[in-house]
Amino acid sequence: MAFKRDKKEEEDGGGNIFLNLEKTSVLQEARTFNETPVNPRKCTIILSKILYLINQGEQLGTTEATETFFAMTKLFQSRDVILRRMVYLGIKELSSLAEDVIIVTSSLTKDMTGKEDLYRAAAIRALCSITDGSMLQAIERYMKQAIVDRNAAVSSAALVSSLHMTRIAGDVVKRWVNEAQEALISDNVMVQYHALGVLYHIRKSDRLAVTKLVTKLTRSPLKSPFAVCLLIRIVCKLLEEEGDVALSESPLFDFVEKCLRHKSETVIYEAAHAVVNLRRTTPRELAPAVSVLQLFCSSPKPALRFAAVRTLNKVAMSHPAAVTACNLDLENLISDSNRSIATLAITTLLKTGAESSVDRLMKQISTFVSEISDEFKVVVVQAIRALCLKFPRKHGVLMNFLSAMLRDEGGLEYKASIADTIISIIEENPDAKETGLAHLCEFIEDCEHTSLAVRILHLLGKEGPRTKQPSRYIRFIYNRVILESAVVRCAAVAAMAQFGASCPDLLPNILVLLARCQMDCDDETRDRATFYYHILSGDQPQFIYHYIVDHLQVSIPSLERALTQYVANPTPEQFDISTVPVSAPEPTNVPEKGHGTVDIANPVAVQPETPAKAAESYAVKLASIPELAPLPGSLFRSSDPVQLTESETEYVVKCIKHCFSDHLILQFNILNTLSDTLLESIGVTLEEPEGYEILKEVACPKLSCGETGSVYVLLKFPEDLSLSVSTFGATLKFVVKDCDPTTGEPDTDEGYHDTYMLEDLDVLLSDQVVRVMKGNWGAAWEQAEGESFFELEDTYVLTSVTSLEQAIQNIVVFLGMQPAERTDRLPQGKSAHTLLLAGMFRGGHDVLVRAKLALAEGVTMQITVRAPSQEIAELITSALG
Amino acid sequence: MGLLDKLSSLFRLKKREVKVLVVGLNNSGKSTVLNHLKSDDDKITVEPTVGLNVEKFKHNNVGFTALDMSGQVRYREVWEHYYSDCEGIIFVIDSSDRLRLAVVQEELELLLQHPDTVGKRLPILFFANKMDARDALSSVKIASALNLHRIINKPWHICASNAVKGEGLDEGIEWLTQQICENIRKE
Ligand SMILES: Nc1nc2c(ncn2[C@@H]2O[C@H](COP(=O)(O)OP(=O)(O)OP(=O)(O)O)[C@@H](O)[C@H]2O)c(=O)[nH]1
Ligand SMILES: [Mg+2]
Numbered sequence: 001m002a003f004k005r006d007k008k009e010e011e012d013g014g015g016n017i018f019l020n021l022e023k024t025s026v027l028q029e030a031r032t033f034n035e036t037p038v039n040p041r042k043c044t045i046i047l048s049k050i051l052y053l054i055n056q057g058e059q060l061g062t063t064e065a066t067e068t069f070f071a072m073t074k075l076f077q078s079r080d081v082i083l084r085r086m087v088y089l090g091i092k093e094l095s096s097l098a099e100d101v102i103i104v105t106s107s108l109t110k111d112m113t114g115k116e117d118l119y120r121a122a123a124i125r126a127l128c129s130i131t132d133g134s135m136l137q138a139i140e141r142y143m144k145q146a147i148v149d150r151n152a153a154v155s156s157a158a159l160v161s162s163l164h165m166t167r168i169a170g171d172v173v174k175r176w177v178n179e180a181q182e183a184l185i186s187d188n189v190m191v192q193y194h195a196l197g198v199l200y201h202i203r204k205s206d207r208l209a210v211t212k213l214v215t216k217l218t219r220s221p222l223k224s225p226f227a228v229c230l231l232i233r234i235v236c237k238l239l240e241e242e243g244d245v246a247l248s249e250s251p252l253f254d255f256v257e258k259c260l261r262h263k264s265e266t267v268i269y270e271a272a273h274a275v276v277n278l279r280r281t282t283p284r285e286l287a288p289a290v291s292v293l294q295l296f297c298s299s300p301k302p303a304l305r306f307a308a309v310r311t312l313n314k315v316a317m318s319h320p321a322a323v324t325a326c327n328l329d330l331e332n333l334i335s336d337s338n339r340s341i342a343t344l345a346i347t348t349l350l351k352t353g354a355e356s357s358v359d360r361l362m363k364q365i366s367t368f369v370s371e372i373s374d375e376f377k378v379v380v381v382q383a384i385r386a387l388c389l390k391f392p393r394k395h396g397v398l399m400n401f402l403s404a405m406l407r408d409e410g411g412l413e414y415k416a417s418i419a420d421t422i423i424s425i426i427e428e429n430p431d432a433k434e435t436g437l438a439h440l441c442e443f444i445e446d447c448e449h450t451s452l453a454v455r456i457l458h459l460l461g462k463e464g465p466r467t468k469q470p471s472r473y474i475r476f477i478y479n480r481v482i483l484e485s486a487v488v489r490c491a492a493v494a495a496m497a498q499f500g501a502s503c504p505d506l507l508p509n510i511l512v513l514l515a516r517c518q519m520d521c522d523d524e525t526r527d528r529a530t531f532y533y534h535i536l537s538g539d540q541p542q543f544i545y546h547y548i549v550d551h552l553q554v555s556i557p558s559l560e561r562a563l564t565q566y567v568a569n570p571t572p573e574q575f576d577i578s579t580v581p582v583s584a585p586e587p588t589n590v591p592e593k594g595h596g597t598v599d600i601a602n603p604v605a606v607q608p609e610t611p612a613k614a615a616e617s618y619a620v621k622l623a624s625i626p627e628l629a630p631l632p633g634s635l636f637r638s639s640d641p642v643q644l645t646e647s648e649t650e651y652v653v654k655c656i657k658h659c660f661s662d663h664l665i666l667q668f669n670i671l672n673t674l675s676d677t678l679l680e681s682i683g684v685t686l687e688e689p690e691g692y693e694i695l696k697e698v699a700c701p702k703l704s705c706g707e708t709g710s711v712y713v714l715l716k717f718p719e720d721l722s723l724s725v726s727t728f729g730a731t732l733k734f735v736v737k738d739c740d741p742t743t744g745e746p747d748t749d750e751g752y753h754d755t756y757m758l759e760d761l762d763v764l765l766s767d768q769v770v771r772v773m774k775g776n777w778g779a780a781w782e783q784a785e786g787e788s789f790f791e792l793e794d795t796y797v798l799t800s801v802t803s804l805e806q807a808i809q810n811i812v813v814f815l816g817m818q819p820a821e822r823t824d825r826l827p828q829g830k831s832a833h834t835l836l837l838a839g840m841f842r843g844g845h846d847v848l849v850r851a852k853l854a855l856a857e858g859v860t861m862q863i864t865v866r867a868p869s870q871e872i873a874e875l876i877t878s879a880l881g
Numbered sequence: 001m002g003l004l005d006k007l008s009s010l011f012r013l014k015k016r017e018v019k020v021l022v023v024g025l026n027n028s029g030k031s032t033v034l035n036h037l038k039s040d041d042d043k044i045t046v047e048p049t050v051g052l053n054v055e056k057f058k059h060n061n062v063g064f065t066a067l068d069m070s071g072q073v074r075y076r077e078v079w080e081h082y083y084s085d086c087e088g089i090i091f092v093i094d095s096s097d098r099l100r101l102a103v104v105q106e107e108l109e110l111l112l113q114h115p116d117t118v119g120k121r122l123p124i125l126f127f128a129n130k131m132d133a134r135d136a137l138s139s140v141k142i143a144s145a146l147n148l149h150r151i152i153n154k155p156w157h158i159c160a161s162n163a164v165k166g167e168g169l170d171e172g173i174e175w176l177t178q179q180i181c182e183n184i185r186k187e
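These protein sequence lines are chains A and B, in that order.
When we follow full-length UniProt numbering, the leftmost residue of the first sequence carries the number 1, and every step to the right adds one.
When we follow full-length UniProt numbering, the leftmost residue of the second sequence carries the number 1, and every step to the right adds one.
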């Protein structure tokens, strides 16, 4: 609706009156707020402008924001309802930008408890946005009253605000549980839904309490369909944690299945969606859920058809057989007047269909691909990508289709997804490489997206030199140097250098081109051309390897931090890049996301971090602990957290191993789950194995229930490398104080000492190695032949593995190194394979491994290691023994 | 009454809003004073103010908008943001709090020397509040303790009051109304 109206306005030429706003002049206008008497109409418009600007991403400085905020406080004089409600919005937007925002606390509490119902809900929301932990106590009483208020809007606002407040003061909000319980029996659909959200959030970490809540609610039906939907999600989360019991045995699942027959369509859909997404769903449970979705497919309501086909599309990969049952309905949807539905229907059919139907379906898509939005074009592209993996022989048709899509109009995200798909097809399927590169070359001839052009040029530089006829790519690349913007020209120069480095017969021509580029008007382009020209024309071939073929391995965020620090503290010494941590490449086989994960209305969502970012944030965290300063050099690698307790015990302990060049920091994260105890002086006793030396321990002073704290132990690695792979016994030690579960205050001052046995902790080879991506492994291997490298070779029979795939997986995990040249993918039907790996051992030592595998009784492996020292090479060969 | 009614119609005060700022240390009784002045159905239970609060009341047909400021230390520096656009100031003093009279003097000094008040003939009404308390100082003693007589470029007036019962408030507000009217007439 709203969308349509906007469009209409555009056509009317009415336009957006806020379109050309300028921050400084709007803030100037905000001085009107100081005038007496207040002019509500005028001030309302100015406030709208301010809100518009902020929502467009305009940045307000602290002083600007604070001034505006103070001026806004003067508007409380006016009793104009519209203006007052705008003021609430203004307070919410500025609350995070301005200083001293709590000065409106009293004004807002007055409105929140006053008689004017139109004010109350909005005042609560504004109040909660300005309140910090210390002020929360002062408004607690009002919040409790508001939660149980008879006015549904007020109650809902208070509940939702409580949910947001858990972020700053979880334990205060916990005390509102009785009020939330009362709100749960409300007749209002929203209030009931929000109350359940708050109750669940309060009890989330206490599995037993959640189970109780759920058991109670699944028996006495909730009125609100939204609350039931949320309940279904909670139930699914419990089911996922339940372990391997068959779903049909579980009373919780019974509830979900019953919801398939609920009278509200929303609930029915939620239940069906839940069932198909559960990890343990078998065809037996699937059938009723899919038939519900099938029914929805022929519903007259587009929203239901859309929801159904979208869900079927998602599960098409995990349960193809079940989705095939809906094929007829999906075929009908291909001609749906809603193009989004049609697209999803076709792509679902593509995912489940046979190779023979691919051509027909692709033809059908092409009839309307120009009519659908970019977002759905991306869905089509993803379907094509899946198809290519499934039917490698079809790559010709599909690639043609993709290149036609590339030529069409479209935004960056859409074009990037096409390019990604072509790139992944090239990588998966050697037969498709040359055609794929040709399509991409053609695309960059007319590509408006700089970032994409740069990526493709990089790819050409990497793959082009290793094709049958490298020279054919040079023209496309050099054209960019003549025609494009500076950023693209730089990338083109770098790509040409790759050809020069790897194809000796092209080198003279490349040198001529690079010499021309030295006249470029852009500094960076000229610098690069000069740099590459001199390296390539020089007489030191190892430079060509180090500076052109092999690329920078350090982690970019860490490099940035190190450089900032270097610039901030000038020293006469040169910057030493070897102190910057190496970044591990991102894992390639990320399992498809969005399946089986149940995300319950969680206001504090966590973004998954890339390895480089995670390592960098660990480095910052460790550096901020005064007891550990100075850190023993720069952080080399942090392991994933290792669980040292069973998951549902009194204390949950995880360990992260931070590896430095000669030291190891063990970080134990401890979660106290006992609601009636307070832990103090928490430490970890380690039985350190031979060779290790404990240098420092940092205890955790105190942990109340639900809190997580960390204990750190700093160790020195053994001199003798072969001792570094070892096992530690570990015990948690602490002082326990019993306390009142409601207030969290200890009953007595006296506590008693206690210990808690943890599982053994292994320090592995892979903890001391980071993965390194070698673009050209062969060149690196040859390079490691001459220079002070040691080579060690050994042969093993891996008796415990039965297939080459398994052997590859195990070796990669044990050594913690990066497979190169896609040698971790096994071509079908082979009985021998060579796995190539690259990594870096702590201390910055490059390590290369070649493992020749052959399938006989078990798997025979001949492993060759090239490393800068004998000791490292031995450690690595022995790790597999 | 008759006189005031005439005055207000004369200067068209009937439709006019008058804006005053209410300041003073915390716990001096500012919110209690305003609460008493408000009409019966607007009354609230008084609690320490956080930041500021806007209150409205009528006195003899003149509509007052009062900014009730918090007197807590951390909010005192907020007062000055509101000096520029008020027509009068009500300064509430707890007359039984001898100890903090020095603090009152300091805050008053800051107020008088602020650029936004210095050149203006802003009328200041002092309430020597809590006169019912046993060890309360008289309004005369407070005036001399605060050295009020040195204020020459602004009209000022001090009355003893009991904000809980409402005693002494009307007298003060009447004086303030008159002063503000005079200021307007001179303009
Ligand atoms: N005995 C007596 N008590 C008073 C009088 N005026 C106010 N109080 C009491 O003094 C206390 C503080 O009054 P408030 O009106 O909250 O003081 P305030 O100046 O607004 O304080 P802040 O908002 O914190 O700056 C309350 O308990 C009042 O009941 C008075 O004239 N006599
Ligand atoms: Mg007050």
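Think of the CB as a built atom: it goes at the ideal place given N, C-alpha and C, for glycine as much as any other residue.
Going by DSSP in three states, residue i sits in which element: helix, strand or coil?
i: Met405/A; result: helix
i: Lys737/A; result: strand
i: Cys128/A; result: helix
i: Tyr83/B; result: coil
i: Cys326/A; result: coil
i: residue 210/B; result: This structure cannot speak to residue 210/B, because chain B is shown only from 1 to 187.
i: Val78/B; result: coil
i: Val50/B; result: coil
i: Cys447/A; result: coil
i: Glu241/A; result: helix
i: Ile151/B; result: coil
i: Thr525/A; result: helix
i: Trp781/A; result: helix
So is residue i buried or exposed if we call it buried at 16+ other beta carbons inside 10 Å?
i: residue 189/B; result: Any question about residue 189/B goes unanswered here, given that chain B covers just 1 to 187.
i: Thr597/A; result: Note that Thr597/A scores 35 on pLDDT, short of 50, meaning its location in the model is unreliable and no value can be drawn from it.
i: Arg385/A; result: buried
i: Ile482/A; result: exposed
i: Thr215/A; result: exposed
i: Pro155/B; result: buried
i: Ala495/A; result: buried
i: Thr727/A; result: exposed
i: Glu609/A; result: Reliability fails at Glu609/A, whose pLDDT of 49 lies under 50, so the model's placement of it is uncertain and the value that follows must be treated cautiously. Classification of Glu609/A: exposed, given that the 10 Å Cβ count is below 16.
i: Asp68/B; result: buried
Assuming the contact rule is C-beta atoms closer than 8 Å, residue i and residue j should be a hit. Round their C-beta distance to whole Å, please.
i: Phe717/A; j: Asp762/A; result: About 15 Å separates the two Cβ atoms, so there is no contact after all.
i: Ser95/A; j: Ile130/A; result: 5 Å
(request) Check whether the region 843-859 of chain A touches the region 798-807 of chain A, counting contact only when three or more Cβ pairs, one atom from each stretch, lie closer than 8 Å. (result) Yes, since at least three Cβ pairs between the region 843-859 of chain A and the region 798-807 of chain A fall closer than 8 Å, the two stretches touch.
(request) Decide yes or no for the touch test of the region 481-493 of chain A against the region 517-530 of chain A: beta carbon pairs closer than 8 Å, at least 3 of them. (result) Contact holds between the region 481-493 of chain A and the region 517-530 of chain A, because three or more Cβ pairs, one in each stretch, are under 8 Å apart.
(request) Indicate whether the contact test is met: 3 or more Cβ pairs, each with one atom in the region 375-395 of chain A and one in the region 334-348 of chain A, closer than 8 Å. (result) Result yes; three or more Cβ-Cβ pairs closer than 8 Å.
(request) Count the C-beta pairs between the region 865-873 of chain A and the region 60-72 of chain B that are closer than 8 Å, then say yes if the count reaches three, no if not. (result) Segments in contact, no.
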